[in-house]
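Step one of this worksheet: look at the structure below.
Numbering (my numbering), first residue to last: 59 to 927.
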């Protein structure tokens with residue numbers, strides 16, 4: 059029963075430790091975890107004796123969403139199936155060598171540390187974060203666990219529970235694995251008990267060597283031939299009591315290698331009121347040593363030169379003196395000060411001043427016991443000013459101003475910021491900026507000056523006169539800014555525009571003596587569609603109050619960019635707009651397609667503007683023997699179809715040309731490379747021009763937007779579905795009998811003439827009991843086909859049934875003297891029976907309201923009748 063109780067307590071303690079480690083996993087996203095983090099999680103769980111299911115159950119209990127738990131299970135299974143289990147890896151590591159362990163102790167690790175928030179101090183209060191040293195014992199990336207696998211220290215004190223490994227080698231070979239009993243003795247066969255408890259490793263080695271000489275004579279003497287070596291195996295644990303101002307005071311079981319830092323880390327370190335500089339270690343009721351953690355934080359001294367023993371007591375007293383330093387120092391916060399430490403020591407603890415600090419004076423707010431007092435400490439007195447508990451030190455910042463700065467901007471070779479020297483003037487500042495640029499406006503510059511009351515003063519400067527020595531130079535002051543504008547800053551930027559049938563339309567920088575031919579050359583030349591006989595120039599009108607908006611100039615420019623006309627040699631002026639018109643005889647090919655039962659189906663180019671369906675059928679070789687002309691349809695793009703622009707077609711064609719360059723050769727020739735590069739440039743220019751052209755208002759886009767807005771604004775209409783193609787019902791039989799008649803439509807680009815095979819079925823859809831398709835029978839009517847679909851449903855709206863024929867025509871049911879006259883049925887037809895609209899039933903209140911209104915009306919009629927009598 060005792061063993062069972064011990065197992066239950068051990069398992070429960072592990073379960074509690076695991077539960078505590080899951081305090082913040084409700085926000086964990088498994089998809090964001092790496093495989094290495096999942097493997098580390100598995101290792102830690104297995105190290106604490108928890109299997110996969112226990113780990114997942116506890117994660118769910120602590121708030122991890124079910125979806126994330128499922129993802130975690132999948133990730134664990136994937137890692138186990140793909141890379142071998144973690145147990146196998148651990149077993150392989152154990153077989154490689156025997157590592158030193160702690161007897162009777164398992165160091166519990168937080169297995170979900172890798173899944174916590176990125177801020178390791180998220181659970182600390184603002185005050186705790188400000189205390190210097192407080193984060194040391196709350197940093198999850200810092201581990202003070204002692205290293206157990208170090209060379210055996212000769213000064214280590216042996217105690218009960220330690221494992222000693224004794225190796226005898228030389229003339230005799232023997233190994234002993236002994237454990238020190240609670241009385242401090244070890245037992246060696248054929249030698250007997252040896253007292254080693256309380257001795258150092260060096261002293262214990264001497265005693266054991268002396269005892270072994272009884273059976274190994276070669277160990278002693280002046281010329282030994284047998285030797286002995288002692289190593290520590292598994293070490294014992296010691297019980298340490300930690301009391302006082304700690305986060306988790308109590309008694310802790312630690313390895314015998316543990317230092318005071320290891321014990322403090324186990325107890326969570328000093329709490330908010332605990333001292334970091336007066337930590338006391340008592341042994342046998344006597345003060346053994348006082349530890350200052352600041353020695354580690356500031357000087358890097360990691361451990362005190364002592365190891366803990368059984369029943370040692372560590373006391374953390376309350377803090378005696380704590381001060382705060384704020385401002386531009388490297389490390390703001392609360393610092394604990396010892397008696398005799400000065401402001402200079404505090405600055406060292408704070409890491410020194412930052413670059414923004416004003417170092418000549420620090421302001422101190424001090425409590426006198428009755429009220430507050432402010433003191434100013436000069437830099438010369440930092441080492442002589444002693445701190446007191448509750449002091450607050452404020453470090454000021456340097457002023458955000460310059461004592462000797464002047465600036466120069468504008469049309470100079472090297473504008474910028476310069477140092478102000480005594481006697482420096484405007485001429486000196488211009489020389490430091492490497493002089494004026496050629497475009498500088500030298501007639502007038504501006505000097506912006508800051509007065510003593512921080513108001514702005516503007517002084518006009520004649521730069522040309524100052525540089526030529528014609529007027530006296532102006533002496534500069536601190537924070538003066540001299541601006542010398544460019545002549546181009548004082549006028550509108552000149553440009554010219556070209557649009558229309560050129561390869562690269564747009565705006566270009568204006569140049570003196572630029573002609574129309576120069577501008578066409580900049581725009582990449584004419585397109586094939588351009589007409590050179592009609593070039594217009596729209597020129598701005600100045601100083602004309604007659605109402606004239608623009609001056610129009612007409613020119614002729616041939617393909618060789620030779621300009622003809624009365625004003626052929628006249629150069630362009632700023633803001634001129636050159637427009638290149640399209641040639642009236644230019645036409646791009648337009649394609650239509652024949653699908654289905656024609657002798658030569660495929661794409662055809664429209665030859666004439668008035669070409670019709672009958673002409674297209676004739677060019678396709680006519681109908682074959684399987685064609686069903688009554689079911690022929692014409693699919694046509696409507697006004698909402700977005701046709702590719704000419705620039706898009708051109709870019710697509712050029713892309714195909716590039717793809718086909720030297721496809722069959724092993725390597726491209728030099729001409730192919732040049733052609734490919736040229737095509738790339740043309741494609742980029744074409745797409746840029748197309749993007750610019752799309753910015754203009756399109757009538758069809760405006761109409762489409764208006765229709766969509768109508769559907770959104772009108773209640774009951776809802777969202778309108780706009781299609782860019784339509785099915786047009788045609789009668790191909792009539793068209794072929796009477797070519798160019800009223801039924802024979804004129805073709806448009808993108809038309810598709812679809813001619814099906816002979817159709818033999820009729821389809822029933824909508825509110826019928828069994829929607830299906832049935833074989834066409836010439837003698838069957840509408841109701842016979844409905845009967846084949848099981849008849850109408852209760853929700854069917856028979857009077858609104860309609861038929862869609864194979865060629866796209868639609869006929870609805872009509873009424874004649876309250877009798878439904880249904881449409882005729884042809885092969886390939888589709889019968890649609892719509893559903894009755896749902897009617898909202900009247901509530902009892904509505905019926906009562908109607909009855910009340912009717913009763914009132916009856917009373918009124920009765921009264922009127924009685925009055926007439």
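Ideal Cβ placement from N, Cα and C applies to all residues, glycine included.
- Under the Cβ criterion (8 angstroms, minimum of three pairs), the region 434 to 453 counts as touching the region 378 to 386.
- Straight-line spacing of the CA atoms in residue 492 and residue 518 works out to 22 angstroms.
- Per the C-alpha coordinates, the member of 504, 847, 541 and 883 positioned closest to residue 817 is 883.
- The region 222 to 231 makes contact with the region 270 to 290, as at least three CB pairs between them are under 8 angstroms.
- DSSP, read as helix, strand or coil, puts residue 113 in helix.
- Distances from the CA of residue 790 to each of 681, 354, 842 and 359 were compared; the closest alpha carbon is that of 681.
- DSSP, reduced to helix, strand and coil, places residue 297 within a strand of the structure shown.
- The beta carbons of residue 869 and residue 881 sit closer together than 9 angstroms.
- Taking residue 309 as the centre and dropping the five residues before and after it, the same chain places the C-beta of 297, 298, 299 and 300 closer than 8 angstroms to its C-beta, in chain order.
- The three-state reading of DSSP puts residue 541 in strand, counting E and B together.
- For residue 627, the secondary structure class from DSSP, reduced to helix, strand or coil, is coil.
- Of the residues 504, 374 and 584, the one whose Cα lies closest to the Cα of residue 521 is 504.
- Annotation: the continuous alpha helix (DSSP H) that includes residue 486 extends over 484 to 490.
- Contact check for residue 400 against residue 440 passes: the beta carbons are separated by less than 9 angstroms.
- Assigned with DSSP and collapsed to three states, residue 566 falls in strand.
- With 16 or more other Cβ atoms from the protein chains shown falling within 10 Å of its own Cβ, residue 320 counts as buried.
- In the three-state reduction of the DSSP assignment, residue 308 falls in the strand class, which pools E and B.
- With 16 or more other Cβ atoms from the protein chains shown falling within 10 Å of its own Cβ, residue 814 counts as buried.
- By the neighbour-count criterion, in which 16 or more other beta carbons inside 10 Å mark a residue as buried, residue 133 falls on the buried side.
- Residues 491, 492, 493 and 495 of the same chain have their beta carbon placed closer than 7 angstroms to that of residue 471, with the five preceding and five following residues left out of the count.
- Counting along the chain, the unbroken beta strand (DSSP E) around residue 517 starts and ends at 514 to 519.
- By alpha-carbon distance to residue 483, the top candidate from 531, 602 and 585 is 531.
- For residue 291, the closest alpha carbon among the candidates 217, 414 and 416 is that of 217.
- About 4 angstroms separates the beta carbons of residue 787 and residue 867, which is inside the 8 angstroms limit, making them a contact pair.
- Of 839, 820 and 865, the smallest CA-CA separation from residue 792 is found for 865.
- Residues 784, 786 and 809 of the same chain have their beta carbon placed closer than 6 angstroms to that of residue 694, with the five preceding and five following residues left out of the count.
- Using a Cβ-Cβ distance cut-off of 8 angstroms, the region 588 to 599 and the region 634 to 643 are in contact, since at least three pairs of beta carbons, one from each stretch, lie closer than that value.
- Pairing residue 831 with residue 819 gives a Cβ-Cβ distance under 9 angstroms.
- Distance from the Cα of residue 578 is smallest, within the candidate group 905, 281, 562 and 370, for 562.
- The count of Cβ pairs closer than 8 angstroms, one atom from the region 326 to 334 and one from the region 366 to 380, reaches three, so the stretches are in contact.
- The Cβ-Cβ distance between residue 322 and residue 313 does not fall below 9 angstroms.
- Apart from the 5 residues on each side of it in sequence, residue 364 sits with its Cβ closer than 8 angstroms to the Cβ of 317, 318, 339, 346 and 347 in its chain, given in chain order.
- The bridge partners DSSP lists for residue 384 are 452.
- Taken atom to atom, the span from the alpha-carbon of residue 244 to that of residue 237 is near 6 angstroms.
- A straight-line Cα-Cα distance of about 46 angstroms links residue 387 and residue 119.
- Counted as a single uninterrupted DSSP element, the alpha helix (DSSP H) harbouring residue 265 occupies residues 259 to 270.
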